[in-house]
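If you're matching positions, the sequence shown starts at 6 in this note's numbering and goes up one per residue. Cβ coordinates follow ideal geometry from the N, Cα and C atoms, glycine included.
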Amino acid sequence: MLDAENGKKFAAAEQDTRNAVDFLNRCYDQEREKLLGMESAGAAQSLIREELEQAKLRYDREADKLLEKIDSVGQMLGLPPSGWRERFYSTARESSNGTPIFYYNADVRVRTAPTGPLYIYLNSLDHLPGWLEGEAGPRLTVASSFLGTSDGTMTPDEVRQFDSNIDRTPPGFARLGRGARRISFHDVSLNGQFVKEAHHTDFDEDAWLMCFATELSASVATRLSTPTALKRTAVEVVDFDSLREALDEQVGFSGFFGPVRYSVNPQRHHHLKGMSEADQLEYRLVWPAEPPVVPKPVWIPRGLVKWTGSKF
């Protein structure tokens, strides 16, 4: 057991390590934004892939520095490296629902705060009390319930998590079908060509969602409507951080959050959709869950959202 003095050093070192993780995640976000910018500007896929490989190398170097930092802190406190790392990993797992947040992998877990107003479109004025007065009514929807032909809030690849730099399955090499998670090949020959690194992820993952729009307008209300569920009004989020924390507590773990990006490429995850859904202007909270997943009733503490006064 640590004495009081070393206990203070331990607590300070733990916070220092958390700060290093936050820095590393910001580095990842910057690399990601750079790649998205290249894609939006119409850069060639070969250039994007080359930049992605360089980004991975830069990110891995920063991760190595972080691990060295963790070990040096453990030595300073007279702890075996494994003991310090295990303590740190447990904190990382608690904060990221099972995956160390500083590792690069194909499962993109987004935590990006909103940069502007967020709106929730409702099917009826009768639903307002549940959002404004802390009454029963709101539910976290289920991602798989939006799976279908692009229409209203429906999306053909809603639950798909796909990231691959393999153009097609090489005959006689391996059949990489649905359900593959973070498969990597290094220094292999694919279709007669030497490949330094190849990766493939393709699986379905259901989740609880709370979906927002970043714009308040009749056109967005129309886009999000279906013949059986017309959007009639909207509420605006007043305090996103408090809303997120209240929902995390009710779900039981911290979700992921950020704007939905839209791409012409086949890569998909909970915050990356196809261009056909771009006019949804969506921001979302996501809590991945094991099936079967059913709508989850939640309550919204009073004062966290307000009525926009809109009627569509």
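Check your understanding: Does the Cβ of ASP388 have 16 or more other Cβ atoms within 10 Å, making it buried, or fewer, making it exposed?
Key -> Absent from the model: residue 388. The displayed extent of the chain is 6 to 317, so no value can be given.
Check your understanding: Mind checking MET280: buried by the 16 CB within 10 Å criterion, or exposed?
Key -> Along the sequence shown, one-based indexing puts residue 280 at 275. Result: exposed.
**Study point:** Length at least 4, wholly inside the segment 196 to 239: the alpha helix (DSSP H) runs in chain order
**Key:** 223 to 228
Check your understanding: Who does GLY263 pair with in a DSSP beta bridge?
Key -> Here the question's residue 263 lines up with position 258 in the sequence shown. For GLY263, which the question treats as bridged, DSSP gives the partners ARG289.
**Study point:** Assigned secondary structure, PHE258 (DSSP; H/G/I helix, E/B strand, else coil)
**Key:** Within the sequence shown, the letter at position 253 stands for residue 258. Coil.
Check your understanding: Do VAL256 and TRP304 have their C-beta atoms within less than 8 Å of each other?
Key -> The residue labelled residue 256 in the question sits at position 251 within the sequence shown. The residue labelled residue 304 in the question sits at position 299 within the sequence shown. Cβ distance not < 8 Å, so VAL256 and TRP304 don't count as in contact.
Exercise for review: Kindly list the residues whose CB is nearer than 7 Å to the CB of VAL164, restricted to its own chain and excluding five residues on each side of it in sequence; keep chain order.
Suggested key: As a position in the sequence shown, residue 164 is number 159, starting the count at 1. These residues qualify, in order along the chain: ALA148, SER149, LEU152, ASP209, GLU210 and ASP211.
Check your understanding: Excluding five sequence neighbours on each side, which residues of the same chain lie with their C-beta closer than 8 Å to the C-beta of LEU277?
Key -> Position 272 of the sequence shown holds residue 277. For LEU277, where only same-chain residues beyond five positions count, the Cβ hits under 8 Å are VAL113, VAL265, ARG266, TYR267 and SER268.
Point to revise | Delimiting residues of the alpha helix (DSSP H) encompassing GLY135 | key: In the sequence shown, residue 135 corresponds to position 130, counting from 1. 133 to 137 is the extent of the alpha helix (DSSP H) around GLY135.
Practice item. Tell me where the beta strand (DSSP E) around LYS316 begins and ends. Key: The residue labelled residue 316 in the question sits at position 311 within the sequence shown. First-last for LYS316: undefined, no H or E at that position.
Check your understanding: Which value, in whole angstroms, describes the spacing of the CA atoms of LEU221 and PRO296?
Key -> In the sequence shown, counting from the first residue as 1, residue 221 sits at position 216. In the sequence shown, counting from the first residue as 1, residue 296 sits at position 291. Between LEU221 and PRO296, the C-alpha separation is close to 33 Å.
**Study point:** Beta-carbon separation (whole angstroms), VAL115 vs PHE261, contact threshold 8 Å
**Key:** Taking the sequence shown and counting its residues from 1, the one referred to as residue 115 is at position 110. Taking the sequence shown and counting its residues from 1, the one referred to as residue 261 is at position 256. Right, the Cβ-Cβ distance comes to about 5 Å (below 8 Å), so this counts as a contact.
Check your understanding: If we ignore side chains and look at the alpha-carbon of each, how far apart do ALA118 and GLY263 end up?
Key -> Here residue 118 corresponds to residue number 113 of the sequence shown, with the count starting at 1. Here residue 263 corresponds to residue number 258 of the sequence shown, with the count starting at 1. So the alpha carbons of these two residues sit roughly 6 Å apart.
Point to revise | Where the beta strand (DSSP E) containing LEU145 begins and where it ends | key: Translated into positions along the sequence shown, residue 145 becomes position 140. Membership of LEU145 in the beta strand (DSSP E) is indicated by the continuous run 144 to 147.
Point to revise | Burial state of ARG307 (16 or more Cβ within 10 Å) | key: Against the sequence shown, residue 307 aligns to sequence position 302. Looking at its Cβ environment, which holds fewer than 16 other Cβ atoms inside 10 Å, ARG307 is exposed.
Practice item. Determine the direct distance from the alpha carbon of PRO271 to that of SER169, and round the result to whole angstroms. Key: As a first step, residue 169 must be located in the sequence shown, where it is residue number 164. As a first step, residue 271 must be located in the sequence shown, where it is residue number 266. One C-alpha to the other measures close to 9 Å.
Review point. Is DSSP giving GLU295 helix, strand or coil here?
Key: As a first step, residue 295 is located in the sequence shown; it is residue number 290 there, counting from the start. GLU295: coil per DSSP, three-state reduction.
Check your understanding: Do you know offhand how far ARG237's Cα is from SER129's?
Key -> On the sequence shown, position 232 is the one that residue 237 refers to. On the sequence shown, position 124 is the one that residue 129 refers to. Cα to Cα, the separation comes out at about 5 Å.
Exercise for review: Measure the CB-CB distance between THR219 and LEU123 and report whether it falls below 8 Å.
Suggested key: Residue 219 sits at position 214 when you count from the first residue of the sequence shown. Residue 123 sits at position 118 when you count from the first residue of the sequence shown. A contact, by the Cβ cut-off of 8 Å.
Review point. Does DSSP put ARG249 in a helix, in a strand, or in coil?
Key: Against the sequence shown, residue 249 aligns to sequence position 244. Looking at ARG249 - three-state DSSP - the assignment turns out to be helix.
Check your understanding: Is the CB-CB distance between THR120 and ALA239 below 8 Å?
Key -> Residue 120 sits at position 115 when you count from the first residue of the sequence shown. Residue 239 sits at position 234 when you count from the first residue of the sequence shown. Cβ atoms of THR120 and ALA239: not closer than 8 Å.
Practice item. Give the secondary structure of ILE53 by DSSP, where H, G and I count as helix, E and B as strand, and everything else as coil. Key: Counting from one through the sequence shown, the residue named residue 53 turns up at place 48. Three-state DSSP puts ILE53 in a helix.
**Study point:** Neighbourhood of ARG144 by C-beta, 7 Å cutoff - its chain only, sequence neighbours within 5 removed
**Key:** Taking the first residue of the sequence shown as position 1, residue 144 is located at position 139. Around ARG144: PRO300, LYS301, PRO302 and VAL303.
Review point. Looking only at C-alpha atoms, which of ASP284, GLU56, VAL310 and HIS275 sits nearest to ALA294?
Key: On the sequence shown, position 289 is the one that residue 294 refers to. Minimum Cα-Cα distance from ALA294 among the listed residues ASP284, GLU56, VAL310 and HIS275 corresponds to HIS275.
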